[in-house]
Amino acid sequence: VYVPEDRGRQGAIGALPIFQNVTLPSLAQTSRHGFLRLAEEFRRAREYTERLDLRAASLDTNVGDLSGGNQQKVVIAKWLATKPKIIILDEPTKGIDIGSKAAVHAFMAELAVQGLAVIMVSSEIPEVLGMCDRVIVMREGRMAAELTGTDLRPETLIHHAAGIREASA
Numbered sequence: 038v039y040v041p042e043d044r045g046r047q048g049a050i051g052a053l054p055i056f057q058n059v060t061l062p063s064l065a066q067t068s069r070h071g072f073l074r075l076a077e078e079f080r081r082a083r084e085y086t087e088r089l090d091l092r093a094a095s096l097d098t099n100v101g102d103l104s105g106g107n108q109q110k111v112v113i114a115k116w117l118a119t120k121p122k123i124i125i126l127d128e129p130t131k132g133i134d135i136g137s138k139a140a141v142h143a144f145m146a147e148l149a150v151q152g153l154a155v156i157m158v159s160s161e162i163p164e165v166l167g168m169c170d171r172v173i174v175m176r177e178g179r180m181a182a183e184l185t186g187t188d189l190r191p192e193t194l195i196h197h198a199a200g201i202r203e204a205s206a
């Protein structure tokens with residue numbers, strides 16, 4: 038699944054409560070014979086929002102009334118509730134506070150440990166270096182480099198992204 042960068046316009050429906058946003062893509066699991074099971078929607082939403090440490094008065098709170106960090110957690114919870122094998126997170130921590138960033142990073146690491154393939158798109162070099170064991174550097178829509186291990190250094194990422202050749206030692 039793909040979790041978009043623009044969560045306000047593409048990721049969440051601000052006028053709907055948290056529980057409905059989280060369960061919207063997985064209605065087949067929360068309904069029976071075409072009827073929604075409210076208790077199951079709440080159970081499922083609670084499971085995923087608690088794992089992400091979402092802070093809200095209740096699951097009835099409209100997503101539009103949440104902070105940017107909590108909106109991002111709702112969007113991530115929404116797609117995790119579909120139980121994907123691969124998740125692509127586009128700028129997962131853009132515009133959120135440090136505490137929410139830490140929660141999102143910890144959850145991404147937990148997902149990877151559980152065997153989920155986590156692909157992160159980020160323009161923040163410290164985030165990339167802190168979260169990734171393999172980095173694909175893109176330049177002008179093409180792969181410029183694939184880096185792992187000791188090659189994962191800020192200067193190497195910048196050189197590849199900018200198209201600058203590193204001096205040979």
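Our numbering applies: residue 38 is where the sequence shown begins, and numbers increase by one.
Every residue, glycine too, gets a C-beta built ideally from N, C-alpha and C.
What you are looking at is a predicted structure, and each value in this text was computed from that prediction instead of being measured.
Output needed for residue i: all residues of its chain with C-beta closer than 6 Å, excluding positions within five of it in sequence on either side, in chain order.
{"i": "residue 123", "result": "154"}
{"i": "residue 132", "result": "105"}
{"i": "residue 182", "result": "174, 197"}
{"i": "residue 186", "result": "none"}
{"i": "residue 148", "result": "155"}
{"i": "residue 51", "result": "100, 101"}
Classify residue i: buried if its beta carbon has 16 or more other beta carbons within 10 angstroms, exposed otherwise.
{"i": "residue 146", "result": "exposed"}
{"i": "residue 87", "result": "exposed"}
{"i": "residue 64", "result": "exposed"}
{"i": "residue 180", "result": "exposed"}
{"i": "residue 137", "result": "buried"}
{"i": "residue 211", "result": "Residue 211 lies beyond the stretch modelled for the chain, which goes from 38 to 206, so this question has no answer here."}
{"i": "residue 194", "result": "buried"}
Have a look at residue i and residue j and give me their C-alpha separation to the nearest angstrom.
{"i": "residue 206", "j": "residue 169", "result": "Model confidence at residue 206 stands at a pLDDT of 49, short of 50, so the residue's coordinates are unreliable; what they give is reported in the following sentence. The alpha-carbon atoms of residue 206 and residue 169 are separated by roughly 26 Å."}
{"i": "residue 118", "j": "residue 202", "result": "43 Å"}
{"i": "residue 135", "j": "residue 69", "result": "40 Å"}
{"i": "residue 85", "j": "residue 139", "result": "17 Å"}
{"i": "residue 44", "j": "residue 164", "result": "19 Å"}
{"i": "residue 200", "j": "residue 120", "result": "38 Å"}
{"i": "residue 188", "j": "residue 167", "result": "13 Å"}
{"i": "residue 95", "j": "residue 184", "result": "43 Å"}
Hey, residue i and residue j are a contact pair by Cβ (cut 8 Å); roughly how many whole angstroms apart?
{"i": "residue 66", "j": "residue 80", "result": "Contact flag wrong, Cβ pair sits at about 10 Å."}
{"i": "residue 78", "j": "residue 60", "result": "5 Å"}
{"i": "residue 191", "j": "residue 173", "result": "About 16 Å separates the two Cβ atoms, so there is no contact after all."}
{"i": "residue 176", "j": "residue 198", "result": "6 Å"}
{"i": "residue 110", "j": "residue 91", "result": "4 Å"}
Once you ignore the five residues that flank residue i on each side, which residues in its own chain have a CB closer than 8 Å to its CB?
{"i": "residue 160", "result": "128"}
{"i": "residue 42", "result": "127, 128, 131, 158"}
If you drop the 5 nearest sequence neighbours on each side, which residues of the same chain put their C-beta closer than 7 Å to that of residue i?
{"i": "residue 93", "result": "55, 103, 107"}
{"i": "residue 89", "result": "110, 113, 114, 140, 144"}
{"i": "residue 48", "result": "40, 41, 112"}
Checklist entry - Quick check: the stretch 54–61 against the stretch 93–103, are there 3 or more CB pairs under 8 Å? => result Touching, yes, given that three or more Cβ pairs across the two stretches are closer than 8 Å.
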